[in-house]
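Colleague: Protein chains in written order, with the working numbering: chain A, 95 to 440; chain B, 95 to 440. Just so you know, even glycine gets a beta-carbon here, dropped at the ideal spot from N, CA and C.
Protein chains: 2
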Amino acid sequence: MSNLTNRQVLLNAHPVGFPVDTDFKMVETPAPAPADGDLLIRTIYLSLDPYMRGRMNQGPSYATGVEIGDVMTAGTVGQVVASKNDNFAEGDFVLCGNGWQEYAVSDGQGVRKLDPTVAPISTAVGVLGMPGMTAYVGLLDVGELKDGDNVVVSAASGAVGAVVGQIAKIKGHRVVGVAGVQKKCDYVTGELGFDACVSHRSETLADDLKAACPDGIDLYFENVGGKVFEAVVPLLNDFARVPVCGRIANYNMTEPPSGPNQVPSLMQRTLVHRLMIRGFIVYDRAHLQDDFLREVGGWIRSGQLKYREDIVEGIDNAVRTFQGLLRGENFGKQLVQVSDDPTRPA
Amino acid sequence: MSNLTNRQVLLNAHPVGFPVDTDFKMVETPAPAPADGDLLIRTIYLSLDPYMRGRMNQGPSYATGVEIGDVMTAGTVGQVVASKNDNFAEGDFVLCGNGWQEYAVSDGQGVRKLDPTVAPISTAVGVLGMPGMTAYVGLLDVGELKDGDNVVVSAASGAVGAVVGQIAKIKGHRVVGVAGVQKKCDYVTGELGFDACVSHRSETLADDLKAACPDGIDLYFENVGGKVFEAVVPLLNDFARVPVCGRIANYNMTEPPSGPNQVPSLMQRTLVHRLMIRGFIVYDRAHLQDDFLREVGGWIRSGQLKYREDIVEGIDNAVRTFQGLLRGENFGKQLVQVSDDPTRPA
């Protein structure tokens with residue numbers, strides 16, 4: 095074991111605005127050796143998600159931030175390469191949170207075994223993992239989806255948005271997506287079956303969205319903030335609900351934007367139209383995990399719910415890929431493949 | 095009947111900003127005569143409430159606006175002076191919505207008889223009426239008051255705020271009010287028993303509120319908007335709830351204020367702290383009326399819940415009094431006494 099090298103990506107500086115290369119540092123250390131009760135896990139897939147940008151900041155957030163010199167946090171799928179823990183055997187595939195590195199030792203706490211015959215192991219950090227469950231609980235529990243709701247979801251081709259919209263379609267709703275480039279919009283309406291998709295790059299976004307939502311919006315699943323949110327607010331119907339999942343357009347701002355997008359107009363509409371705006375974090379709703387796996391797992395097996403992965407190879411590419419994710423350059427759930435996946439046909 | 099004169103206050107113009115005298119017009123017409131099935135009601139008390147400012151605007155709101163030439167809308171307490179309706183007798187006291195006028199004819203729809211031996215009839219538009227029920231449903235149903243919540247309420251000496259805070263105190267919570275002048279703050283902590291009250295006129299409002307809320311805020315009952323809301327947002331704890339009842343500080347604005355009070359910071363906090371912000375209108379929650387009357391009525395009879403009325407005499411003073419209400423000059427539930435109240439000791 096001792097001759098294994100572990101490449102790790104550390105936080106080198108708290109970013110000011112958009113994270114630059116020097117905010118990260120790649121180091122090589124010897125892979126740790128498992129003590130009694132431990133297992134050594136080789137990372138296969140590293141999940142990159144927008145929430146990680148918040149973890150890089152100083153100061154309080156809903157989760158402990160990454161300190162300078164720490165390994166960047168991430169959900170990972172891996173394989174046990176050595177086990178001194180009776181609950182795990184060499185060769186087991188596992189879901190864990192080992193972060194941006196090739197190897198890690200764990201005592202098995204919070205490590206979940208994956209069965210590659212049930213679903214591809216990469217889905218454990220995607221459609222059947224945190225992003226999928228975020229979509230599920232945000233739409234149904236936080237957003238209180240009701241019969242007849244006109245649904246709009248931003249980042250519609252992304253790991254969360256694609257599941258939100260497809261669940262709403264399965265449940266019989268009219269669904270409009272907001273995405274970036276044309277090929278993503280085409281995917282959203284073609285492959286995923288949304289009723290319409292508008293591009294946030296359009297000069298006429300507000301008008302495009304209004305035209306795509308002739309009956310207004312009853313549920314807006316908020317992933318992006320910024321100008322998309324501004325275009326949505328005037329279209330929110332009485333009793334509309336806004337589950338707030340993410341605000342990616344604002345994550346790299348160093349000061350509040352100026353412009354007409356101000357609290358009073360939002361709050362005025364909140365009052366007059368009895369809006370409900372509710373922030374949420376998927377981990378607050380862990381009691382819904384079984385429902386999620388049963389229901390969404392079933393839809394995936396039946397082919398009703400589709401997913402797309404955007405897999406980049408090599409931990410060397412993690413920083414560049416994360417930067418691309420924050421710019422919306424990914425197309426589907428962003429993964430970094432750190433080492434071979436023996437379950438995936440070559 | 096036909097020689098009765100009916101003084102009425104009509105909307106003369108949609109206000110631009112703060113309502114000025116010429117936005118209203120007082121006219122005298124002959125009091126209408128009741129047809130078969132009708133009753134003629136003399137207005138005793140006219141309720142003035144901040145929501146009326148919204149009704150004076152052009153364009154859609156949650157209720158039909160007042161058109162130019164219409165009598166200003168208001169909840170009223172009156173006495174039947176002539177009845178051709180079997181359900182009402184001359185002399186009956188009634189709750190109705192006859193607006194800013196001395197007399198009105200009704201077919202009895204939506205008119206509720208009042209028993210002056212149960213509670214003073216004026217309370218039917220106050221603590222046992224719409225403002226009281228707004229407090230009750232906003233705090234308990236919309237705001238989902240939970241054990242241990244630290245509660246803050248703005249317009250704390252007002253018709254709604256005073257009931258919000260007292261219910262929260264009865265239920266064992268720590269309650270901080272925000273009010274204007276010192277005598278109101280003294281009333282809120284003295285008579286009403288809140289734990290603290292800060293003045294929104296203080297130069298150091300944000301610091302004062304922070305000092306008064308050492309454990310942050312779990313439930314903020316929003317009546318005022320503006321700088322009070324700005325001071326509240328940074329203090330909202332995880333899972334805080336903000337029932338949005340009113341935004342009086344913003345009602346007379348002709349354009350959105352500039353400054354640091356912007357959507358992104360509010361929405362960022364909503365996300366990180368999983369806030370729930372929900373607008374509501376009391377009429378959406380009519381199913382809670384019986385609970386409200388039973389529970390709040392009981393607290394009033396037991397002396398646990400106090401109320402204060404600010405009664406101005408004469409319909410001639412309605413406009414000036416409404417303008418004062420919008421400036422926060424009232425102290426307690428604002429009523430205009432339009433004619434004699436035979437149930438009130440001289």
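Taking 7 Å as the threshold (C-beta atoms), are isoleucine 311 of chain A and valine 246 of chain A in contact?
Modeller: Closer than 7 Å, so yes.
Colleague: If tyrosine 437 of chain B and isoleucine 215 of chain B are in contact, beta carbons under 8 Å, what's the gap, nearest whole angstrom?
Modeller: The sequence given here places threonine at residue 437 of chain B; tyrosine does not occur at that position. Contact holds; Cβ gap of about 6 Å.
Colleague: For aspartate 312 of chain B, name the three-state secondary structure that DSSP assigns.
Modeller: Strand, per DSSP.
Colleague: Residues of chain B with a CB under 8 Å from the CB of glycine 237 of chain A: which are they?
Modeller: Near glycine 237 of chain A there are no residues of chain B at all, since even the closest Cβ is about 12 Å away, more than 8 Å.
Colleague: Using the DSSP secondary-structure output, state which residues sit across from alanine 198 of chain B in a beta bridge.
Modeller: DSSP lists B/Ile135 as partners of alanine 198 of chain B.
Colleague: In chain B, which residues lie with their C-beta within 8 Å of the C-beta of glutamine 152 of chain A?
Modeller: Neighbours of glutamine 152 of chain A on chain B: none; closest Cβ ~14 Å, over 8 Å.
Colleague: For asparagine 411 of chain B, which of helix, strand or coil comes out of DSSP?
Modeller: Here asparagine 411 of chain B sits in helix by DSSP.
Colleague: For methionine 146 of chain B, which residues in chain A fall below 8 Å Cβ to Cβ?
Modeller: Under the 8 Å cutoff, chain A gives no residues; its nearest Cβ is about 14 Å from methionine 146 of chain B.
Colleague: For arginine 295 of chain B, which three-state DSSP category applies?
Modeller: Three-state DSSP puts arginine 295 of chain B in coil, outside helix and strand.
Colleague: Less than 7 Å separating the beta-carbons of phenylalanine 425 of chain A and aspartate 404 of chain A?
Modeller: Yes.
Colleague: Quick one: Cα of aspartate 130 of chain A to Cα of isoleucine 409 of chain A, how far?
Modeller: Spanning the two alpha carbons is a distance of roughly 29 Å.
Colleague: Can you name the start and end residues of the alpha helix (DSSP H) that threonine 228 of chain B belongs to?
Modeller: Note, threonine 228 of chain B: alpha helix (DSSP H), 224-231.
Colleague: Please compile the residues from chain A whose C-beta is within a distance smaller than 9 Å of the C-beta of valine 282 of chain B.
Modeller: Per Cβ cutoff of 9 Å: no residues; valine 282 of chain B is ~24 Å from chain A at best.
Colleague: In angstroms with no decimal places, state the Cα-to-Cα distance between aspartate 241 of chain B and aspartate 235 of chain A.
Modeller: One C-alpha to the other measures close to 22 Å.
Colleague: Would arginine 341 of chain A pass as an interface residue toward chain B - the criterion being a Cβ-Cβ separation below 7 Å?
Modeller: Yes, contact with chain B.
Colleague: Where serine 251 of chain A and cysteine 279 of chain A are concerned, what is the direct C-alpha to C-alpha distance, given to the nearest angstrom?
Modeller: Cα to Cα, serine 251 of chain A sits roughly 8 Å from cysteine 279 of chain A.
Colleague: From valine 175 of chain B to leucine 330 of chain B, what distance separates their C-alpha atoms?
Modeller: Each residue's alpha carbon lies about 52 Å from the other.
Colleague: Distance cutoff 7 Å, beta carbons only. Does threonine 298 of chain B sit that close to anything in chain A?
Modeller: Not an interface residue.
Colleague: In the DSSP assignment, the beta strand (DSSP E) including leucine 105 of chain A goes from what residue to what residue?
Modeller: 99-105 is the extent of the beta strand (DSSP E) around leucine 105 of chain A.
Colleague: Could you check whether valine 171 of chain B and glycine 193 of chain B sit closer than 7 Å to each other, using their CB atoms as the reference points?
Modeller: No, the pair does not count as a contact, with Cβ atoms beyond the cut-off.
Colleague: Work out the CA separation of leucine 313 of chain B and lysine 178 of chain A for me, nearest whole Å.
Modeller: When rounded, the distance between both Cα atoms is 49 Å.
Colleague: Kindly indicate if chain B contains any beta-carbon less than 7 Å away from that of valine 338 of chain A.
Modeller: Judged by the 7 Å Cβ criterion, valine 338 of chain A is in contact with chain B.
Colleague: Could one say the Cβ of threonine 364 of chain B lies closer than 7 Å to chain A's Cβ atoms, at least one of them?
Modeller: Taking Cβ atoms only, chain A reaches closer than 7 Å to threonine 364 of chain B, which makes this a yes.
Colleague: Might you give, ordered along the chain, the residues of its own chain that have their beta carbon closer than 8 Å to the beta carbon of histidine 108 of chain B, omitting 5 neighbours on each side?
Modeller: Result list for histidine 108 of chain B: Asp117, Met150, Asn151, Gln152 and Ile162, in chain order.
Colleague: Beta-carbon separation of cysteine 339 of chain B and glycine 232 of chain B under 7 Å?
Modeller: Cβ distance < 7 Å, so cysteine 339 of chain B and glycine 232 of chain B count as in contact.
Colleague: Should aspartate 302 of chain A and arginine 268 of chain A be called a contact, given that it needs their Cβ atoms to be closer than 7 Å?
Modeller: The answer is no: Cβ separation not under 7 Å.
Colleague: Would you list, in sequence order, the uninterrupted alpha helix (DSSP H) runs of no fewer than 4 residues that lie entirely inside the region 232-311 of chain A?
Modeller: Whole alpha helix (DSSP H) segments, 4+ residues: 255-264, 276-283 and 299-306.
Colleague: From which residue to which residue does the alpha helix (DSSP H) around glutamine 383 of chain B run?
Modeller: Per DSSP, glutamine 383 of chain B belongs to the alpha helix (DSSP H) from 383-396.
Colleague: With glycine 373 of chain A as the anchor, note down where its beta strand (DSSP E) starts and where it stops.
Modeller: From DSSP, the beta strand (DSSP E) with glycine 373 of chain A extends over 370-373.
Colleague: Determine the contact status of arginine 372 of chain B and proline 337 of chain B, defining contact as a CB-CB distance below 7 Å.
Modeller: Against a cut-off of 7 Å, the Cβ pair of proline 337 of chain B and arginine 372 of chain B comes out as a contact.
Colleague: Between aspartate 209 of chain B and the rest of its own chain, which residues show a CB-CB distance below 7 Å, the 5 nearest in sequence each way excluded?
Modeller: Closer than 7 Å at the Cβ level, and outside the excluded window around aspartate 209 of chain B, lies no residue.
Colleague: What number of angstroms, rounded off, separates the C-alpha of asparagine 355 of chain A from the C-alpha of valine 390 of chain A?
Modeller: Legend: pLDDT at asparagine 355 of chain A = 47, less than 50; position of this residue unreliable, no value from coordinates given.
Colleague: What does methionine 370 of chain A touch in chain B if you count any residue whose Cβ is under 8 Å from its own?
Modeller: The answer, in chain order, is Met370, Ile371, Arg372 and Gly373.
Colleague: Output the distance between the C-alpha atoms of glycine 202 of chain A and valine 376 of chain A, rounded to the nearest integer angstrom.
Modeller: Cα-Cα distance, rounded: 22 Å.
Colleague: Determine whether the beta carbon atoms of glycine 274 of chain A and glycine 422 of chain A lie at a separation below 7 Å.
Modeller: For glycine 274 of chain A and glycine 422 of chain A, yes; Cβs fall inside 7 Å.
Colleague: Checking the sheet assignment: what are the DSSP bridge partners for glycine 319 of chain A?
Modeller: Glycine 319 of chain A pairs with nothing; no bridge assigned.
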